[in-house]
Amino acid sequence: MYTPQDPRTQYPQPPFPPQQQEGPGDIHKMDPAPDHGETTYVGNGRLPGRKALITGADSGIGRAVAIAFAREGADVALSYLPEEQAQAEEVAQLVRDAGRTAVLLPGDLQQEQTNVQVVADAVEGLGGLDVLVINAGTMPTVDSIDDFETKTLDHVLEANIYPLFWLTKAASPHLEPGASIITTSSVQGFQPSPSLAEYAVSKAGIANWTRAMSQQLIERGIRVNGVAPGPVWTPLQPAFVPNEKIEEFGSQTPIGRAGQPVELAPAFVFLASQESSYVVGETIAVTGGMPVH
Ligand code: NAD
Ligand code: MG
Numbered sequence: 001m002y003t004p005q006d007p008r009t010q011y012p013q014p015p016f017p018p019q020q021q022e023g024p025g026d027i028h029k030m031d032p033a034p035d036h037g038e039t040t041y042v043g044n045g046r047l048p049g050r051k052a053l054i055t056g057a058d059s060g061i062g063r064a065v066a067i068a069f070a071r072e073g074a075d076v077a078l079s080y081l082p083e084e085q086a087q088a089e090e091v092a093q094l095v096r097d098a099g100r101t102a103v104l105l106p107g108d109l110q111q112e113q114t115n116v117q118v119v120a121d122a123v124e125g126l127g128g129l130d131v132l133v134i135n136a137g138t139m140p141t142v143d144s145i146d147d148f149e150t151k152t153l154d155h156v157l158e159a160n161i162y163p164l165f166w167l168t169k170a171a172s173p174h175l176e177p178g179a180s181i182i183t184t185s186s187v188q189g190f191q192p193s194p195s196l197a198e199y200a201v202s203k204a205g206i207a208n209w210t211r212a213m214s215q216q217l218i219e220r221g222i223r224v225n226g227v228a229p230g231p232v233w234t235p236l237q238p239a240f241v242p243n244e245k246i247e248e249f250g251s252q253t254p255i256g257r258a259g260q261p262v263e264l265a266p267a268f269v270f271l272a273s274q275e276s277s278y279v280v281g282e283t284i285a286v287t288g289g290m291p292v293h
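Residue 241 in the UniProt record's numbering sits at position 241 of the sequence shown, with consecutive numbering throughout.
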């Protein structure tokens, strides 16, 4: 990933084989296998001694961020759903292989109390907290307003929006000046697909929350920023997107292919590190050329 080359052909391009999974999905059932940096990401001491809590850390973007953070010198607490235990343990092993501490925190973040407990356990297990990556998310597709159900929207907001407030409120007493909070929005928050209205409104909300909260928390020396990924090859896709769209996944981007989770990690590393000291309230697009803003 460090060798200069044509980015259009650096990773797999469509068509992808048709495939479907039950949510939350398993990276080992994906074809082609996604790249989270397991054998590719090399750290450079950019997060020395940082203590980071990452949600959705078992798979996809969160897994890539956890691997990168550990190799940059951070200790990492991993939040994930209980049924993802096996994948989370693999990430924990990779963190330990990098010589860092890993803390495993299974739980459903749709419950406020779980968010409070996850933060308390991360603080205890890491001996403090100075980076919070709020990345977990769900993405049901609903093709028609005729099929809208209140419970779907409740579920999306409880999984994608409420934890922003719950985790940040629980974490803020522990965060010192220099701490960083990073959200995961989406290109969908700026250019919504017709069948993703519930999800897209949550992702627009995340970018909006990132701006609002950044203005509150910079008063305490804490920076809040976000990343807006384009289409990325993670279990979210075969778990929620129908096969006809999987086959062409990523072809709508100017770069002509899906992103790999490892390609998202450097933006999170940048926002977590002191290198981004003057970046506040921004959502960085990592979209293969799809515009946001
Ligand atoms: P992923 O499925 O690998 O990660 C999502 C994770 O969210 C799951 O692994 C799970 O651990 C966690 N999660 C979901 N519901 C939860 C709940 N109720 N409680 C606790 N944890 C829960 O997929 P990903 O694509 O890496 O997703 C990470 C983030 O990236 C999500 O916020 C997603 O919306 C966002 N995103 C993804 C894409 C993409 O194309 N893959 C594009 C834009 C944004
Ligand atoms: Mg997962």
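Glycine included, C-beta positions come from ideal geometry on N, C-alpha and C. Every value quoted in this text rests on a predicted model; they were computed, and no experiment measured them.
Own chain residues within Cβ distance below 6 Å of Lys51, not counting five before or after: Sequence index remark: in the sequence shown, residue 51 carries index 51 (1-based). Close CB contacts of Lys51 within its chain, under the 6 Å cut and outside five residues either way in sequence, are with Asp75, Leu126, Gly128, Leu129 and Asp130 (chain order).
Segment contact flag, the stretch 136-146 with the stretch 84-93, C-beta cutoff 8 Å, min 3 pairs: The answer is no - the stretch 84-93 does not touch the stretch 136-146, with fewer than three Cβ pairs under 8 Å.
Of the residues Pro7, Gln19, Ser277 and Ser59, the one placed nearest Glu244, counting alpha carbons only: Indexing the sequence shown from 1 puts residue 244 at position 244. Ranking Pro7, Gln19, Ser277 and Ser59 by CA distance to the CA of Glu244 puts Gln19 first.
Pro235 CB to nearest heavy atom of ligand 2 below 7 Å: The residue you call residue 235 lines up with position 235 of the sequence shown. Correct: Pro235 has its Cβ closer than 7 Å to ligand 2.
Buried or exposed (CB count within 10 angstroms, at least 16 for buried), Tyr278: Start at 1 with the first residue of the sequence shown, and residue 278 comes out as number 278. Around the beta-carbon of Tyr278, fewer than 16 other beta-carbon atoms lie within 10 Å, marking it exposed.
Own chain, CB closer than 6 Å to His293, minus 5 neighbours either side, in chain order: Against the sequence shown, residue 293 aligns to sequence position 293. Cβ neighbours of His293 beyond the five flanking positions: none.
For Leu53, the three-state DSSP class (helix, strand or coil): Position 53 of the sequence shown, counted from the start, is the residue given in the question as residue 53. Looking at Leu53 - three-state DSSP - the assignment turns out to be strand.
Own chain, CB closer than 7 Å to Pro235, minus 5 neighbours either side, in chain order: Reading the sequence shown from its first residue, position 235 is the one you call residue 235. Excluding residues within five positions, the ones whose Cβ falls inside 7 Å are Gln21, Pro24, Gly25, Asp26, Ile27, Met30, Ser59 and Gly60.
Gly137 - DSSP class collapsed to helix/strand/coil: The count along the sequence shown starts at 1 and reaches residue 137 at position 137. When DSSP states are grouped into helix, strand and coil, Gly137 belongs to the coil group.
Three-pair Cβ contact test at 8 Å for the stretch 95-104 versus the stretch 153-169: Between the stretch 95-104 and the stretch 153-169, the count of Cβ pairs shorter than 8 Å is below three; the stretches do not touch.
Contact under 8 Å by Cβ, Gly288 with Ile255: For the purposes of this step, residue 288 is taken as the residue at position 288 of the sequence shown. For the purposes of this step, residue 255 is taken as the residue at position 255 of the sequence shown. Cβ distance < 8 Å, so Gly288 and Ile255 count as in contact.
Buried or exposed by the 16-neighbour rule on C-beta atoms within 10 Å, applied to Ala272: Counting from 1 along the sequence shown, the entry for residue 272 is found at position 272. Within a 10 Å sphere around the beta-carbon of Ala272 sit 16 or more other beta-carbons, which makes this residue buried.
Contact under 8 Å by Cβ, Ala136 with Leu109: Residue 136 sits at position 136 when you count from the first residue of the sequence shown. Residue 109 sits at position 109 when you count from the first residue of the sequence shown. Cβ distance < 8 Å, so Ala136 and Leu109 count as in contact.
Through-space distance from Leu164 to Asp146, alpha-carbon basis: On the sequence shown, residue 146 is found 146 positions in, with the first residue counted as 1. On the sequence shown, residue 164 is found 164 positions in, with the first residue counted as 1. Near 30 Å, if we compare the C-alpha coordinates of Leu164 and Asp146.
Thr253 to Phe270 span [Cα, whole Å]: By 1-based counting over the sequence shown, the position of residue 253 is 253. By 1-based counting over the sequence shown, the position of residue 270 is 270. Between Thr253 and Phe270, the alpha-carbon positions lie close to 24 Å from each other.
Alpha-carbon to alpha-carbon, Gly230 and Ser185: If you number the sequence shown from 1, residue 185 lands on position 185. If you number the sequence shown from 1, residue 230 lands on position 230. When rounded, the distance between both Cα atoms is 10 Å.
Status (buried if at least 16 other CB within 10 Å, exposed otherwise) for Glu282: As a first step, residue 282 is located in the sequence shown; it is residue number 282 there, counting from the start. Under a 10 Å Cβ-count criterion, Glu282 is classified as buried, with 16 or more other Cβ atoms of the shown protein chains found around its own Cβ.
Complete alpha helix (DSSP H) runs within the stretch 75-157 (minimum length 4 residues, chain order): You should have 85-97 and 112-126.
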